[in-house]
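In full-length UniProt numbering, the protein residues as written are 1 to 456.
Even for Gly, the Cβ is constructed at its ideal location relative to N, Cα and C.
Here the structure is a predicted model, which means the values were calculated and not measured.
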């Protein structure tokens, strides 16, 4: 198996006694303004950590032609952007193939049919891109006083191999870790996770599977991802695509990119059944190209298939494809929505559902992964089985026909968000984890009142 190795391993950062005001480097495939859960989390987490006086740095691939997006939000994040022009197209093409195989397998879409990780198409290109990443990573570490490198997801996982002594590392797994994971894939992930100081999973089930695959218990932590409540409470501008929705209509929205594990097809088919009875309803599908779409055509047919299905079912006048919507404008979608749905084949967590229940919206989700974890069936939303069109249509009909039920589910969902997923409760967990890397800090030692005052 290929390993990354650099002469700069001799660089040693002195161990620090003071555990306050640390500098954290986020290493990820993408960052704001890219769409997707990881970008959403990183933007939100950065905003809150800055309030706690952390210095935030980021190294990631170029996601747009606007390299000043973060500064426009007023966030003092120092970005190191790896330009697309610096990566050969052949490397991007192979990298996309490799990570798509891993992505689909981790989400339970396909079995793993290879005898080793190296046999997966695009593995060599994946490791080549990891080398490019790691050179930038070392550059950031030598130019800045970084205390912790926080790696986000398997796309950048090999970078854990090049962290110099004295710098702490955290790895967050932003894909499901299921019992169905092939031992070869599990062993590959375990090898890197055990090189980190701590590894974060989003729900307990994934952490339990990680332990079965040999990831050391002392390294494993469960911390859900977070949304940015401030951005969910305001919107910069209206979404023109929604202007033609008539007053009094029921709006069902799905905020999710189009890919192999997403559930827009199930939702469209269920909506079509319900539309036969309820004509004053609209389906709003929010989602467009992801980072993968910018480097490869490997996912291009998912959106096209959804549009073709809408046309075949003759519901195009009541189904709106908005394309990508900037995170700062998503609150407008929630304002217009009466029901929010996410029907993934598998979903690691589903931050759009976190956003929906924070905004007091009733939801319909499939009973998988993080969606199942967030919702109480029949109380804060409805859970349906993957692929069950009739069950989904029934859940939609119940919520369409009962404003009282929609309001009740919305209230209960918001309570559950406040109890379990509010950033004011989650960010201190990140803070404790970071600080504990440098001391024998006990969680009871944290001054929560001071932390809450800073975060508010």
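Nearest neighbour of residue 150 by Cα position, chosen from 175, 91, 117 and 57, turns out to be 57. Separation of the CB atoms of residue 392 and residue 343 is rounded to 7 Å, and the pair is thereby assigned contact status at 8 Å. Residue environment for residue 30: buried (at least 16 other C-beta atoms within 10 angstroms of its C-beta).
Boundaries of the beta strand (DSSP E) harbouring residue 250: 250-255, taken from the DSSP string. By the neighbour-count criterion, in which 16 or more other beta carbons inside 10 Å mark a residue as buried, residue 111 falls on the exposed side. Every alpha helix (DSSP H) of 4 residues or more that sits fully in the segment 184-255 is shown, in chain order, as 204-212 and 229-232. As the crow flies, the alpha-carbon of residue 54 is around 31 Å from that of residue 126. Excluding residues up to 5 positions away in sequence, 281, 338 and 400 lie with their Cβ nearer than 6 Å to the Cβ of residue 250 in the same chain. Across the set 38, 120 and 108, the C-alpha of 120 shows the shortest separation from the C-alpha of residue 99.
About 5 Å separates the beta carbons of residue 406 and residue 362, which is inside the 8 Å limit, making them a contact pair. Short of 8 Å from the beta carbon of residue 104, and not among the five residues preceding or following it, lie these beta carbons of its own chain, in chain order: 110, 260 and 261. For residue 173, there is no enclosing beta strand (DSSP E), as DSSP marks it with neither H nor E. An exposed status is given to residue 139, since fewer than 16 other beta-carbon atoms sit within 10 Å of its beta-carbon. Within the same chain, Cβ atoms closer than 6 Å to the Cβ of residue 278 are found at 400, the five residues on either side in sequence being excluded. Nearest in C-alpha terms to residue 202, of all of 186, 182 and 171, is 171. In the structure shown, the three-state DSSP call for residue 27 is strand. Around the CB of residue 355, 16 or more other CB atoms lie within 10 Å, so the residue is classed as buried. Spanning the alpha carbons of residue 134 and residue 310 requires a straight line of approximately 44 Å. When DSSP states are grouped into helix, strand and coil, residue 114 belongs to the coil group.
Pairwise C-beta distances place the segment 42-54 in contact with the segment 223-232, as three or more of them are shorter than 8 Å.
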